[in-house]
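Report on one structure; see the data block that follows.
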Amino acid sequence: MCGIVGFTGTRKAAPVLIDGLRRLEYRGYDSAGIAVADGEKINVAKVKGYVKNLSEMTHDGADIEGVLGVGHTRWATHGAPNDINAHPHMSADGRFAVVHNGIIENYAALRSELTARGVKFLSDTDTEVVAHLLELYYDGDAKRAFMKAAARLEGSYSLGVVCLEGPGRLFAMREQSPLILGLGVGENYFASDVAALVPHTKNVIYLDDGEFAELTPDAVTVYDVRGREVVKPVSRVTWDVEAAEKGGYEHFMLKEIMEQPACFKATVEPRIQDGRIVFENFDLSEAELHSIDRIIITACGSAGYAGQVGRYVLEELCRIPVAVELASELRYRNPIIDEHTLLIVISQSGETADTIAAMRECKARGARALAIVNVVGSTIAKLADHVIYTWAGPEIAVATTKGYTTQVAVLDMLAIYLADRLGLMEKARYDALIEALHSMPGKLQRALDLNRNVKKLAKMFKNQSSIYFIGRNLDYAVCMEGALKLKEISYIFAEAYAAGELKHGTIALIDQGSLVVTLACHEPLFEKTMSNIEEVKARGAEVLAVALEDNKQIVSKADYFLKVPRTDPILNPIAQVIPLQLFAYYIAKERGCDIDKPKNLAKSVTVE
Ligand code: F6R
C-alpha cells in the first residue's frame, strides 16, 4: 500500500525521491507525488497513475529545485485516486507539505473543526487535516507545531513533513505504520520500506510507535512523543540492492519462485547447529512449554494457508490441538484464549492491519505470541513475545511465493523442535528430519527443474473460466495456496476443496471441460484421492495431477501431471507448491496479466 520517502542532503532531492518511489512501486498504488523545499517555497509535483508519469512530468526530477523533500505513492482510501487527492498535501500558507501512510481515524472531526475556523480543504483525503493543523499550531517553531499536530491525530499513520523554515526542515513520524530512517554520509533519508533505502545506505534506525525524527544532512535526531531526545540503536540491513531488483527475470514473481531453494537454505541452515534445531528468540522454559494446552495460528491470505500446513504438522508431531483463525475474523470474535494458549502469528510484511489487531486482542487475553515474520523491525515483530524471522529477503511481487515457503519451513522446524522438547520424538526420527531439512534445497531445485511442461499446460488451460483444486490432509492445505496464487494473478476463478467434501455440493459444478487440479502426494490417503479423481472424471472433468515423481499408479488415471520430488512427508508441501506457483505464473503470463502488480491488490495490507 502507500509508500513514503524522504531525503535531505546537498544534491537535488527530486531525482532521489523519484528513484525511491520507483523502488516502492511493488507495494501497489494509484498516484504519486513529491514536495521539495528550495529555501523560498515548496515545489510540489503530483499525478494520478504511475511514478513514470511523475518522472516524465518533472524530467526525472531535474525540473525541481531544492535539496530536501518528501515523496509518496498513494493507494486510495479516503477520496478517489486523482491528481488532487495524491500526496503531498500543503498547508494553505505554503509552509508545510505532508505525506502520510495509514488512516487518521478522527479526520472527520478534525476537518469540521478546521472548516469552522475558515480552512478551505482542496482534497477529499484524511491527510490534508495534518497540513492545516501544522499551520494552525505554527508559532515560529516547526518542531513544536509538529508535536502539537501529531497529538491531535488518532489512528495508525506514518508521516513525512517538509517545513519551509530556515533552509527547510524535515520530519518523520511513526504511529503503528512503518517508518525507517536511513543514515548516509552528508545526507539522510527515511522511507516506509527498507527497499527505498538500500541503494543509499545499510545503516538504519527503526522508529517505534510515537517516535518522530528530525533529519538534516549531517544529523538525525529521534524524539519521543513529548519531544525528549531518544538514543536509538543503529541496525544494519543484511540484504543488498540486487536482492530488490529483477536480476534478468521478466517478473519479480518468477525471480522469487526461482530463489526458493536458496531462501529455504537461508531460513533453515543457520538454525541447525550440531544436528539440533536452535531458535534465536524462542526460549520457553520447561514449565512454560508444558503449560501450553492449545495453539492458535492467526494470519491472512497465503500466510494463513501456510498456517494450515502448520496445523497438520504441529498436531501430528506435537499432539497439541491447533486452530487456524483468519485474523480478520478472530479480531472481532470473543475467542477462548488464555495464558495457556500459544498464539502463532504469521506475516511476511509484519504490517498487516487485521493480523496486528487479532494479535493485540489475543495478547490482551493472556496468550503468548510467537511471530513468524519476514520484515525485520516490523510492527508484528515488535509486538510479539518471540520472533522467528523467515529471512527470505525482500519479497517484491505482490503474490507471495518465497514468503509462503519460508513460513512453512519455519512452522515445520517449530513442530520438530516442540515435539522433541515435549519428549514426543524418537532420536532416529529427529535425526532423519534434520537430514531431510538439509536435503530440501536440492529437492526444491528439483521441483523447479522437473516441471518444464508447465508452460505447455498453461497455454492449454489459459482460457479456462474456473479451475478447482482438490486434495486431502496436507494436500488440501497446499490446494488452498495453489488456488489463491492462480486467482490473484490470472483472475481465473479458482477454489480449493477438501477432496472428500466434493460430493456434498461442489461436484454439482463439475462437468465436461472442467479442470480439476488434484494434489495426490499425501500417501496415506492416496487411494481415497484416486477415488475422487474417478468421481470428477466420470462427470467429464480433466484432471491435472500433482504427484510424487516416482508414483506410477497415477499415470493411468490423470490426464496431465506436475511432478514433485519425494521428501519427508511432512516437508512435502514446500515442494508441492512450487509447480502450482509456476502453473499460476505461466497462465497469468499467457493471459497478459500484470503479474507483479495484480489489479486491486497491494503488497502489504496496512488498512482494515
Ligand atoms: C497472496 C498474498 C497475501 C498475503 C496476505 C498477508 O499471495 O501475498 O494473501 O499473504 O495479505 O500478508 P502478510 O504475510 O504480509 O501478513
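Going by the working numbering, the sequence shown opens with residue 1, and the numbers climb by one from there.
Backbone N, C-alpha and C define an ideal beta-carbon position, used for all residues, glycine too.
- Phe583 has its alpha-carbon roughly 7 angstroms from the corresponding atom of Lys455.
- In the DSSP assignment, Ala150 falls outside any beta strand (DSSP E) and within the unbroken alpha helix (DSSP H) covering Ala142 to Ala151.
- Judged by DSSP secondary structure, Cys263 falls within the alpha helix (DSSP H) whose first and last residues are Gln260 to Val268.
- Distance from the CA of Val375 to the CA of Val230, rounded to the nearest whole angstrom, comes to 23 angstroms.
- Of all C-beta pairs linking the region 453-472 to the region 585-596, three or more are shorter than 8 angstroms, placing the two stretches in contact.
- With a cutoff of 7 angstroms, Cys593 does not count as near the ligand F6R, since its C-beta is closer than that to no heavy atom of the ligand.
- Burial is judged here by how many other beta carbons sit within 10 angstroms of a residue's own beta carbon; Lys485 has at least 16 and is buried.
- Secondary structure at Leu450: helix, using DSSP grouped into helix, strand and coil.
- For Ala397, the three-state secondary structure derived from DSSP is coil.
- Contact check for Lys503 against Ile533 fails: the beta carbons are separated by 8 angstroms or more.
- Around the beta carbon of Ser177, a 10 Å sphere encloses 16 or more other beta carbons of the protein chains shown; the residue is thus reported as buried.
- In this structure, the ligand F6R has no non-hydrogen atom nearer than 7 angstroms to the beta-carbon of Cys521.
- A residue is called buried when at least 16 other Cβ atoms come within 10 angstroms of its Cβ; Pro524 does not meet this threshold and is exposed.
- Under the three-state reduction of DSSP output, Ala392 falls in the coil class, being neither helix nor strand.
- Distances from the CB of Ser604 to the heavy atoms of the ligand F6R include at least one below 7 angstroms.
- The DSSP-derived three-state label of His59 is coil.
- Using a Cβ-Cβ distance cut-off of 8 angstroms, the region 224-240 and the region 195-206 are in contact, since at least three pairs of beta carbons, one from each stretch, lie closer than that value.
- Relative to the ligand F6R, even the nearest heavy atom lies 7 angstroms or more away from the CB of Glu25.
- Rounded to whole angstroms, the gap between the alpha carbons of Ile42 and Pro167 is 11 angstroms.
- If you draw a 10 Å sphere on the C-beta of Lys48, you find 16 or more other C-beta atoms in it, and that means buried.
- The beta carbon of Ser291 sits closer than 8 angstroms to the beta carbons of Glu339 and His340 from its chain, once the five residues preceding and following it are set aside; these are given in chain order.
- Under DSSP, Tyr468 takes part in a beta bridge, and its partners are Glu495 and Val516.
- If only uninterrupted alpha helix (DSSP H) runs of at least 4 residues are considered, those enclosed by the region 11-93 are 13-23 and 51-57.
- Annotation: Arg27 to Asp126 spans about 20 angstroms, alpha carbon to alpha carbon.
- Taking the Cβ atoms as the reference, Ser31 lies roughly 16 angstroms from Gly102, outside the contact range of under 8 angstroms.
- Taken in chain order, the complete beta strand (DSSP E) segments of 3 or more residues contained in the region 172-212 are 180-183, 188-191 and 203-206.
- Not a single heavy atom of the ligand F6R lies less than 7 angstroms from the C-beta of Cys362.
- In the DSSP assignment, Val309 falls within the alpha helix (DSSP H) that extends over Gly301 to Cys318.
- By the C-beta density criterion, Lys52 is exposed, having fewer than 16 other C-beta atoms within 10 angstroms.
- In the three-state reduction of the DSSP assignment, Tyr560 falls in the strand class, which pools E and B.
- By the C-beta criterion, the region 56-68 is judged not to be in contact with the region 81-89, since fewer than 3 inter-stretch pairs fall below 8 angstroms.
- Using a Cβ distance threshold of 8 angstroms, Ala353 and Val607 count as a contacting pair.
- Across the set Met253, Val162 and Val198, the C-alpha of Val162 shows the shortest separation from the C-alpha of Thr216.
- Here the C-alpha atom of Val220 lies approximately 18 angstroms from the C-alpha atom of Val16.
- Counted as a single uninterrupted DSSP element, the alpha helix (DSSP H) harbouring Asn532 occupies residues Phe526 to Ala538.
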